[in-house]
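Visitor:
Protein chains: 2
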Amino acid sequence: MTISVIKIGGNVIDYPEKLAEFLVQLAHFPGPKILVHGGGIMASKFGESLGVMPKMIDGRRITDADTLDIVTMVYAGLINKDIVAKLQAIGINALGLSGADGNLIRSKKRGVGKIDYGYVGDIQEVNTALLSLLLENDMIPVISAITHDQQGQLLNTNADGIASHIATSLAKKHKVNLYFCFNKPGVLLEEHDDFSIVPLINEDIYEELKQESVIHSGMIPKLDNAFAALQMGVNHVWIGKAENLSLAAKGKLSGTIIENHRYDLY
Amino acid sequence: MTISVIKIGGNVIDYPEKLAEFLVQLAHFPGPKILVHGGGIMASKFGESLGVMPKMIDGRRITDADTLDIVTMVYAGLINKDIVAKLQAIGINALGLSGADGNLIRSKKRGVGKIDYGYVGDIQEVNTALLSLLLENDMIPVISAITHDQQGQLLNTNADGIASHIATSLAKKHKVNLYFCFNKPGVLLEEHDDFSIVPLINEDIYEELKQESVIHSGMIPKLDNAFAALQMGVNHVWIGKAENLSLAAKGKLSGTIIENHRYDLY
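The listed protein sequences derive, respectively, from chains A and B.
Heads up: the first sequence runs through residues 1 to 266, numbered per the UniProt record's numbering.
Heads up: the second sequence runs through residues 1 to 266, numbered per the UniProt record's numbering.
(1) I need the boundaries of the beta strand (DSSP E) containing residue 259 of chain A, first residue and last residue.
(2) Where does residue 124 of chain B sit, in a helix, a strand or coil, going by DSSP?
(3) Going by Cα to Cα distance, which pick from A/151, A/229, A/116, A/35 is closest to residue 55 of chain A?
(4) Buried or exposed, going by whether 16 or more other CB atoms sit within 10 Å of the CB of residue 28 of chain A?
(5) Let me see if you follow: with CB-CB separation under 8 Å, is residue 47 of chain A close to chain B or not?
(6) Determine contact between the stretch 107-122 of chain B and the stretch 149-165 of chain B, defined as no fewer than three beta-carbon pairs at a distance below 8 Å.
(7) Is residue 12 of chain B closer than 8 Å to residue 159 of chain B when the C-beta atoms are compared?
(8) Alpha carbon to alpha carbon, what distance is there between residue 245 of chain A and residue 26 of chain A?
(9) Excluding five sequence neighbours on each side, which residues of the same chain lie with their C-beta closer than 6 Å to the C-beta of residue 200 of chain B?
(10) Secondary structure at residue 156 of chain A, three-state DSSP: helix, strand or coil?
(11) By DSSP, does residue 266 of chain A sit in helix, in strand, or in coil?
(12) Which residues in chain B sit within 8 Å of residue 146 of chain A, going by Cβ to Cβ distance?
(13) Report the neighbours of residue 151 of chain A on chain B: residues whose CB is nearer than 8 Å to its CB, in chain order.
(14) Around the Cβ of residue 186 of chain B, are there at least 16 other Cβ atoms within 10 angstroms (buried) or fewer (exposed)?
(15) Whose C-alpha, out of A/32, A/81, A/22, is nearest the C-alpha of residue 147 of chain B?
(16) Considering Cα atoms alone, identify which of A/162, A/67, A/92 is closest to residue 8 of chain A.
(17) At least one CB of chain A closer than 8 Å to the CB of residue 72 of chain B: is that the case?
(18) Thinking just about the alpha-carbon of each residue, which of B/206, B/128, B/205 is nearest to the one in residue 170 of chain B?
(19) Using the rule of at least 16 other Cβ atoms within 10 Å of the residue's Cβ for burial, across every protein chain shown, is residue 106 of chain B buried or exposed?
(20) Specify whether the stretch 84-100 of chain A and the stretch 128-147 of chain A touch according to this definition: at least 3 beta carbon pairs, one from each stretch, less than 8 Å apart.
(21) Given a limit of 7 Å on CB to CB distance, which residues of the stretch 49-71 of chain A reach chain B?
(22) Could you tell me the distance, in whole angstroms, from the CA atom of residue 231 of chain A to the CA atom of residue 177 of chain A?
(23) Runs of 4 residues minimum, wholly inside the stretch 44-125 of chain A: which ones carry the alpha helix (DSSP H) assignment?
(24) Beta-carbon of residue 177 of chain A versus every beta-carbon of chain B: anything under 8 Å?
(25) What are the residues in the stretch 91-110 of chain A lying within 8 Å of chain B by C-beta distance?
(26) Does residue 18 of chain B come within less than 8 Å of chain A when only Cβ atoms are used?
(27) With H, G and I counted as helix, E and B as strand and the rest as coil, what does DSSP make of residue 175 of chain B?
(28) Taking a contact to mean a Cβ-Cβ separation below 8 Å, would you say residue 6 of chain A touches residue 181 of chain A in this structure?
(29) Applying the criterion that 16 or more other CB atoms from any shown protein chain within 10 Å of the CB defines a buried residue, is residue 32 of chain A buried or exposed?
(30) Classify residue 15 of chain B: buried if its beta carbon has 16 or more other beta carbons within 10 angstroms, exposed otherwise.
(31) Per DSSP, which residues does residue 33 of chain A bridge with? Please list them.
(32) In the DSSP assignment, what are the bridge partners of residue 146 of chain A?
(33) To the nearest angstrom, how far is the alpha carbon of residue 52 of chain A from that of residue 45 of chain A?
(34) So who's on the other strand from residue 140 of chain A, going by DSSP bridges?
(35) Would you mind sorting residue 192 of chain B into buried or exposed? The rule is 16 or more other CB atoms within 10 Å of its CB.
(36) Are the C-beta atoms of residue 12 of chain B and some chain A residue less than 8 Å apart?
Dropping the structure here:
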């Protein structure tokens, strides 16, 4: 049994038609699966309507108390319940969770260094027993990017990090694949050529691509995270567009697969 | 094993200190339990901040699309996750749910008669298997007053009704007590005398009190609902103040108990 952990972001969530199409693909995705979602621009939009402007320091977003309330409402309330209701409508028994629910994800408020990020959580522990219980009972956990510190404080938490931590925690006992849906069809050889997808990256290829400066800036932390997940037992990591997820499920080339063993693809 | 279904409203939720005190009482409440909450004035406050004014027709609140988004955010997001995180902090493994999660509560959009209530749900079915699964795994379900129609539509739903339906659905297989926390210490003989609590109401007493006009207006639907729950197998219904819940748990007089069998109280 392979568990698939699938992360979507604003580029899917912010567009109702794209989201609906994605959820149908998810419904047909084989095997047990877990969906992790962020919040996209919806949280910023609601915040601004309430007079809470995004706060940035050195280009990093700060989660003050008002912003935390807004992301809790938008991520764990509006978006999470909308996704769950839409999955229920197509016959998928989804159950929405934040990291506080069932103590799913315990995190620690990020320490104040040069920047005080506010109510932002760094993940400490994932309660895999709860995920196993839900999966064994044919439910699909739909997880919003809010965690808690087990001392009563909710914390805004990076959705990519949640997906990685869930995948690596489950990988101790299960075969796990991790899927990151983003706004590009994969890692590209030419930034503006969507057809220049690198289908497979292993550590050798990664080093080569970095040396040739094909991979740079934004992609490097994403790929570093992917390799870290592999190190911790995840079977493979896929990066691509949400609309290509069903191709990925069929083992067709449809994005970039990050894997350590070249000839052990499917 | 007696399952307790406990409903709280705005008079607890709107005051952080009262809520904290209540949650400690809940933690010490014996046996498996389920918490149902509404939203209080917080939803109206956020709605107004967003420029969405409460819409009333003939004194009844209307849930238009914007209002539905707001109650989903506030009930299923902000309030639900705040309660769950606070319960986790005092060692209670709470798990927050809307009626869409795990298909917990399927409802039907209320038909348009003289008044179009908008996105308001009348409850059709409760998934007791999910509640049993969580209770058997020592989790406390915390349920917000949002349901779904299994066709992708979320619906604003009366929290008292959710508590009643959950209690009567579970009563088919379990002994269930239902607790309604509200802003009075119980059914009062004298409206403004908080010490004039009627400790016990059975059908005979109810008829008598109605004839004497001791019980009128707002209390009648509450008590009719309570008797309907008893008819459907609920063991007893308690009505009182949240701060007296721990006395009720100990079998001490602390509110009004509605029961059909006078000499079978505890």
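Note that the Cβ used here is the ideal one computed from N, Cα and C, for glycine as well.
Guide: If we stick to the structure as given:
(1) For this step, residue 259 of chain A is matched to residue 259 along the first sequence. First-last for residue 259 of chain A: undefined, no H or E at that position.
(2) The residue given as residue 124 of chain B occupies position 124 in the second sequence. Residue 124 of chain B falls in the strand class under three-state DSSP.
(3) Mapped onto the first sequence, residue 55 of chain A falls at position 55. Nearest C-alpha to residue 55 of chain A among A/151, A/229, A/116, A/35: A/116.
(4) Position 28 of the first sequence, counting from 1, holds the residue named residue 28 of chain A. Exposed: under 16 other Cβ atoms inside 10 Å.
(5) The residue you call residue 47 of chain A lines up with position 47 of the first sequence. By the rule that beta-carbons nearer than 8 Å mark a contact, residue 47 of chain A does not touch chain B.
(6) Judged by Cβ distances under 8 Å, the stretch 107-122 of chain B makes contact with the stretch 149-165 of chain B, as three or more pairs qualify.
(7) Within the second sequence, numbered from 1, the residue matching residue 159 of chain B stands at position 159. Within the second sequence, numbered from 1, the residue matching residue 12 of chain B stands at position 12. Judged by beta-carbon spacing, residue 12 of chain B lies beyond the 8 Å limit of residue 159 of chain B, meaning their Cβ atoms are not closer than that value.
(8) The residue you call residue 26 of chain A lines up with position 26 of the first sequence. The residue you call residue 245 of chain A lines up with position 245 of the first sequence. Their backbone Cα atoms lie some 8 Å apart in a straight line.
(9) The sequence position of residue 200 of chain B within the second sequence is 200, counting from 1. Within the same chain, residue 200 of chain B has close Cβ partners 257.
(10) Taking the first residue of the first sequence as position 1, residue 156 of chain A is located at position 156. The three-state secondary structure of residue 156 of chain A, taken from DSSP, is strand.
(11) In the first sequence, counting from the first residue as 1, residue 266 of chain A sits at position 266. Residue placement at residue 266 of chain A is poorly supported in this model, since its pLDDT is 47, which falls under 50; the coordinates are not used for a value here.
(12) Here the question's residue 146 of chain A lines up with position 146 in the first sequence. For the C-beta of residue 146 of chain A, the chain B residues within less than 8 Å are, from N- to C-terminus, 81.
(13) Counting from 1 along the first sequence, the entry for residue 151 of chain A is found at position 151. Among the residues of chain B, those whose CB is under 8 Å from the CB of residue 151 of chain A are 89, following chain order.
(14) For the purposes of this step, residue 186 of chain B is taken as the residue at position 186 of the second sequence. Flag for residue 186 of chain B reads buried.
(15) Along the second sequence, read from residue 1 onward, the residue named residue 147 of chain B stands at position 147. Nearest neighbour of residue 147 of chain B by Cα position, chosen from A/32, A/81, A/22, turns out to be A/81.
(16) If you number the first sequence from 1, residue 8 of chain A lands on position 8. Looking at the Cα atoms, A/162 is the closest of the given residues.
(17) Reading the second sequence from its first residue, position 72 is the one you call residue 72 of chain B. True, the Cβ-Cβ gap to chain A drops below 8 Å.
(18) As a first step, residue 170 of chain B must be located in the second sequence, where it is residue number 170. The option with the nearest alpha carbon to residue 170 of chain B is B/128.
(19) In the second sequence, counting from the first residue as 1, residue 106 of chain B sits at position 106. With a threshold of 16 other beta carbon atoms within 10 Å, residue 106 of chain B meets it and is buried.
(20) Remark: three or more beta-carbon pairs, one from each stretch, lie closer than 8 Å, so the stretch 84-100 of chain A and the stretch 128-147 of chain A are flagged as touching.
(21) Taking 7 Å as the cut-off between beta carbons, the residues of the stretch 49-71 of chain A near chain B are 49, 50, 69, in sequence order.
(22) On the first sequence, residue 231 of chain A is found 231 positions in, with the first residue counted as 1. On the first sequence, residue 177 of chain A is found 177 positions in, with the first residue counted as 1. Linking residue 231 of chain A to residue 177 of chain A through their CA atoms gives a straight-line distance of about 13 Å.
(23) Taken in chain order, the complete alpha helix (DSSP H) segments of 4 residues or longer contained in the stretch 44-125 of chain A are 65-71, 80-89.
(24) Counting from one through the first sequence, the residue named residue 177 of chain A turns up at place 177. By this cut-off, residue 177 of chain A is not an interface position.
(25) Answer in chain order: 93, 94, 95, 96, 97, 98, 100, 101, 102, 103.
(26) By 1-based counting over the second sequence, the position of residue 18 of chain B is 18. It does not: the Cβ of residue 18 of chain B has no partner Cβ on chain A nearer than 8 Å.
(27) Within the second sequence, the letter at position 175 stands for residue 175 of chain B. In the structure shown, residue 175 of chain B sits in a strand (DSSP, three-state: E or B).
(28) By one-based count along the first sequence, residue 6 of chain A stands at place 6. By one-based count along the first sequence, residue 181 of chain A stands at place 181. Yes, they are a contact pair.
(29) Your numbering for residue 32 of chain A matches position 32 in the first sequence. So residue 32 of chain A counts as buried.
(30) Along the second sequence, one-based indexing puts residue 15 of chain B at 15. So residue 15 of chain B ends up on the exposed side.
(31) Here the question's residue 33 of chain A lines up with position 33 in the first sequence. DSSP output for residue 33 of chain A lists A/4 as bridge partner(s).
(32) As a working note, residue 146 of chain A is residue 146 in the first sequence. DSSP output for residue 146 of chain A lists A/156 as bridge partner(s).
(33) In the first sequence, counting from the first residue as 1, residue 52 of chain A sits at position 52. In the first sequence, counting from the first residue as 1, residue 45 of chain A sits at position 45. Each residue's alpha carbon lies about 9 Å from the other.
(34) Here residue 140 of chain A refers to the residue found at position 140 of the first sequence. Residue 140 of chain A pairs with A/94.
(35) Translated into positions along the second sequence, residue 192 of chain B becomes position 192. Counting C-beta atoms within 10 angstroms of its own C-beta, residue 192 of chain B has fewer than 16 neighbours from the protein chains shown and is therefore classed as exposed.
(36) Here residue 12 of chain B is taken as the residue at index 12 of the second sequence, counted from 1. Interface flag for residue 12 of chain B against chain A is unset, since no Cβ pair is found closer than 8 Å.
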